[in-house]
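A short write-up of the structure that comes next.
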Amino acid sequence: MNNLIFATNNQNKVDEVRAVLGEIFNIITLKEAGIDIDIPEPHDTLEANATEKSKTINSLTGKNCFSEDTGLEVEALNGEPGVQSARYAGESGNFENNMEKLLTNLDPFENKAARFRTVISLILDGKEYFFEGICPGKIISERKGNQGFGYDPVFIPTGSDKTFAEMEMTEKNKFSHRKKAMEKLIHFLNTYYGKDQD
Ligand code: IMP
Numbered sequence: 000m001n002n003l004i005f006a007t008n009n010q011n012k013v014d015e016v017r018a019v020l021g022e023i024f025n026i027i028t029l030k031e032a033g034i035d036i037d038i039p040e041p042h043d044t045l046e047a048n049a050t051e052k053s054k055t056i057n058s059l060t061g062k063n064c065f066s067e068d069t070g071l072e073v074e075a076l077n078g079e080p081g082v083q084s085a086r087y088a089g090e091s092g093n094f095e096n097n098m099e100k101l102l103t104n105l106d107p108f109e110n111k112a113a114r115f116r117t118v119i120s121l122i123l124d125g126k127e128y129f130f131e132g133i134c135p136g137k138i139i140s141e142r143k144g145n146q147g148f149g150y151d152p153v154f155i156p157t158g159s160d161k162t163f164a165e166m167e168m169t170e171k172n173k174f175s176h177r178k179k180a181m182e183k184l185i186h187f188l189n190t191y192y193g194k195d196q197d
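If you use numbering that gives the first Met the number 0, the sequence shown corresponds to residues 0 to 197, in order.
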């Protein structure tokens, strides 16, 4: 099986990605690769942050790797928190503070439409490739469920009446932005390695 380093320290993301990609590729976490760094996300686009993470790990290891950056884009808030999703309530903010700030800011608006957007940056044999996944939905004003992470308790994907936090991972993965981006990545990798073996 081919090895691929996943440049993240978020165990929830690793679990979600392994559930999708784990049978085809051996996903190696930063910890397993012996890398103990917190990669900064200083840029103002998801694409630039994803690139920063994959390039950092690629230059440290010289190995094939991918990273992803995700944002929650809320229509009435002009796309906020977006690329600032992890730091919406400040650098020391946590999931709870971030959700609280989101609900307060969105409270005056009727329009609760939102979407998660994931951008994956893959560095494979020295070249970079991008993949995007979008999950449309809406924000609700009361938290529901206790699974998942981040804004999951207040986000209902289109096509469901449950929040992501009320879903098991397999159910979340039927809708998830990260899963959609991963499917594009998998398709690309299968074609890439398929062609190589011809
Ligand atoms: P990151 O910068 O890609 O790690 O993610 C930014 C932030 O978006 C995270 O800290 C979470 O708050 C949020 N986020 C990313 N993916 C998800 C998800 O699948 N569900 C809920 N929140 C998420």
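Ideal placement from N, C-alpha and C gives every residue a C-beta, glycine not left out.
- Between the C-alpha atoms of S140 and L102 there is a straight-line separation of about 6 angstroms.
- As a beta-bridge residue in DSSP terms, K126 pairs with L123.
- When secondary structure is reduced to three states using DSSP, K111 falls in the coil class, being assigned neither helix nor strand.
- Taking the C-beta atoms as reference points, G70 is found nearer than 8 angstroms to R116.
- Counting only beta-carbon distances shorter than 5 angstroms to the non-hydrogen atoms of ligand 1, the qualifying residues in chain order are D68, T69, S84, A85, G149, Y150, D151.
- Among the bridge pairs identified by DSSP, V82 is matched with none.
- A check of alpha carbon separations from V19 across Y128, K173, T190 identifies K173 as the nearest.
- Nearest neighbour of F108 by Cα position, chosen from Q83, A75, R114, E90, turns out to be A75.
- In the pairwise beta carbon analysis, the segment 177–191 is classified as touching the segment 122–142: at least three pairs are separated by under 8 angstroms.
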